[in-house]
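S.K.:
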Ligand SMILES: [Zn+2]
Ligand SMILES: [Zn+2]
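Residue numbers (full-length UniProt numbering): 1 to 433.
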């Protein structure tokens, strides 16, 4: 989302600056508590999971997964997770590959790619991330509308972040159809914004917007704003939003977004976690958070580069929601953009997230594997390896393949549960052909 505040501080933590503790939040940071230490250990275990410790270390595909110099413990109570980022697959300026490179430069260890209404950048990001030992959380930021039936004044756009396992959503087709609907709605929406601009005597051309969006990319508000800047009708993006494109602005148009509740339900059903993005940009945050919690929302963004927002943190506590946050990085450059990885998430917040997410992801992965075990068709195999563009050698034992897919995601303990063992047993009879 654009125009929801500007921050320039980079509090990116690397293990190098552990000694020169930064003064934040009044500088009352002390030594880590026992709870934090335990949480950090558990988080790091997941971050640096790899197969080398497992039974089937025969696969060389992941030999380069963990860089030699990885630091396994960091004397910091913040961890380098970036949970909100965009690429050229939606309205970001960097390709997924370039985004991952930037994440690496900034010391990010876990990167969630959360493009608007598409997961098309995930395979490229995963491929690039392997080289740096960065873990990619397949994500998406879904454009929705919140409204109360019969009260059109309550209507406002709401962005819901979804976080999935390494194998992505269960029933990918359903989610994809849902997202495709939203993307298709972006064309008439952007067209409508352009004609509103034209009526306001701003002769912006539709072709210009499409050129900026790039081929195959559904146009968004930011693309219209960039076209306005490029054509010289406004001085900068901020002005494009402030003058024309803000929610309810003179050239603003609604798309065909689903309701926020629908999106949350679908995320739940497909094995993801749902998190309300930038609640501080909402007109009516308290009411919306309350309603979305009832619909099954898992968390809300609370942390920004400028620290924790106490009001939203209190709301999260009041409704039993996870507290997350990210830079919402678009890579547009400029002094007012928060750098990728600039939001320091406390280790306890990340720990809570993973504690809730992992059983959900674990079940999702099991469901996807079961589906293939029951019907070992090409298309069901595709579902497992959709994000991992790995070579599938003929005759390769299926279990190896699965190991390869899960190597960075599940612990031995998670795979050794009775349920998982049953799935794996089924799979062991299936050969990839
Ligand atoms: Zn957003
Ligand atoms: Zn965003």
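By construction, the Cβ of each residue, glycine as well, lies at the ideal position given by its N, Cα and C atoms.
(1) My parser needs the alpha helix (DSSP H) runs of 4 or more residues fully inside the stretch 235-276; what are they?
(2) Going by DSSP in three states, residue 33 sits in which element: helix, strand or coil?
(3) With burial defined as no fewer than 16 other Cβ atoms inside 10 Å of the residue's Cβ, what is the status of residue 425: buried or exposed?
(4) Would you give the residue range spanned by the alpha helix (DSSP H) that residue 317 belongs to?
(5) Provide the residue(s) that pair with residue 423 in DSSP beta bridges, ordered along the chain.
(6) Bridge partners for residue 157 per DSSP, in chain order?
(7) Output needed for residue 83: all residues of its chain with C-beta closer than 6 Å, excluding positions within five of it in sequence on either side, in chain order.
(8) Does the distance from the CB of residue 165 to the CB of residue 364 come in under 7 Å?
(9) For residue 263, is the beta carbon positioned less than 6 Å from some heavy atom of ligand 1?
(10) Report yes if the C-beta of residue 159 is less than 6 Å from at least one heavy atom of ligand 1; otherwise report no.
(11) In whole angstroms, what is the alpha-carbon distance linking residue 330 and residue 428?
(12) With C-beta atoms as the reference, is residue 46 less than 7 Å away from residue 381?
(13) Please work out which residues of its chain come closer than 8 Å, Cβ to Cβ, to residue 266, disregarding the five sequence neighbours upstream and downstream, and give them in chain order.
(14) Just to confirm before moving on: does the CB-CB distance between residue 189 and residue 255 stay below 7 Å?
(15) Where does residue 20 land, buried or exposed, given buried means 16+ other C-beta within 10 angstroms?
(16) Ligand 2 heavy atoms versus the CB of residue 156: any closer than 6 Å?
(17) Do the stretch 118-133 and the stretch 231-249 make contact, defined as three or more Cβ pairs closer than 8 Å?
(18) Give me the Cβ distance between residue 298 and residue 282, rounded to the nearest whole Å; I'm assuming they're in contact under 8 Å.
(19) If we ignore side chains and look at the alpha-carbon of each, how far apart do residue 262 and residue 31 end up?
(20) What is the rounded straight-line gap between the Cα of residue 294 and the Cα of residue 110?
(21) Less than 7 Å between C-beta atoms, sequence neighbours within five positions excluded: which residues of the same chain meet that for residue 120?
(22) Does ligand 2 have even one heavy atom less than 6 Å from the beta-carbon of residue 434?
(23) Could you give the distance in angstroms between the alpha-carbon of residue 97 and the alpha-carbon of residue 149?
(24) Do the CB positions of residue 227 and residue 219 come within less than 7 Å of each other?
(25) From the DSSP output, read off the bridge partner residues of residue 85.
(26) Hey, does residue 114 have any beta-carbon neighbour from chain D nearer than 7 Å?
(27) Measure the Cβ-Cβ separation of residue 125 and residue 136 and say whether it is below 7 Å.
(28) Tell me which same chain residues have a C-beta within less than 6 Å of the C-beta of residue 49, skipping the five on either side of it?
(29) Can you tell which of 230, 202 and 314 has its C-alpha closest to the C-alpha of residue 285?
(30) Return the chain-ordered list of same chain residues with a C-beta closer than 7 Å to the C-beta of residue 170, the five sequence neighbours on each side being excluded.
(31) With respect to the beta strand (DSSP E) encompassing residue 337, which residues constitute its N-terminal and C-terminal limits?
(32) Going by Cα to Cα distance, which pick from 413, 101, 143 and 356 is closest to residue 260?
(33) May I ask which residues mark the beginning and end of the beta strand (DSSP E) holding residue 300?
(34) Give the secondary structure of residue 110 by DSSP, where H, G and I count as helix, E and B as strand, and everything else as coil.
(35) What are the boundary residues of the alpha helix (DSSP H) that includes residue 184?
(36) Taking 6 Å as the cut-off, does the CB of residue 45 come closer than this to any heavy atom belonging to ligand 2?
M.R.: This is what the structure gives:
(1) 237-240 and 260-269
(2) Residue state, collapsed to three classes: coil.
(3) The Cβ neighbour count for residue 425, taken over all protein chains shown within 10 Å, is under 16; the residue is labelled exposed.
(4) 310-319
(5) In the DSSP output, where bridge partners are listed per residue, residue 423 has none listed.
(6) According to DSSP, residue 157 bridges with 145.
(7) 112, 324 and 326
(8) yes
(9) no
(10) yes
(11) 43 Å
(12) no
(13) Closer than 8 Å at Cβ, skipping near neighbours: 174, 175 and 178.
(14) Between residue 189 and residue 255, the C-beta spacing is below 7 Å.
(15) Because the pLDDT at residue 20 is just 41, under 50, the model does not fix this residue reliably, and the point stays unresolved.
(16) For residue 156, the CB stays at least 6 Å from every heavy atom of ligand 2.
(17) no
(18) So it is not a contact: roughly 17 Å between Cβ atoms.
(19) 43 Å
(20) 29 Å
(21) 89
(22) Coverage of the chain is limited to positions 1 through 433, which leaves residue 434 absent and any answer about it impossible.
(23) 42 Å
(24) It is not a contact, given that the beta carbons lie outside the stated cut-off.
(25) 329
(26) Structure shown: chain D not included; a single protein chain is present.
(27) yes
(28) 408
(29) For the options 230, 202 and 314, the alpha carbon positioned closest to that of residue 285 is the one of 314.
(30) 270, 271, 364, 367 and 368
(31) Judged by DSSP secondary structure, residue 337 falls outside any beta strand (DSSP E); it is assigned neither H nor E.
(32) 143
(33) 299-304
(34) strand
(35) 172-199
(36) The answer is no for residue 45.
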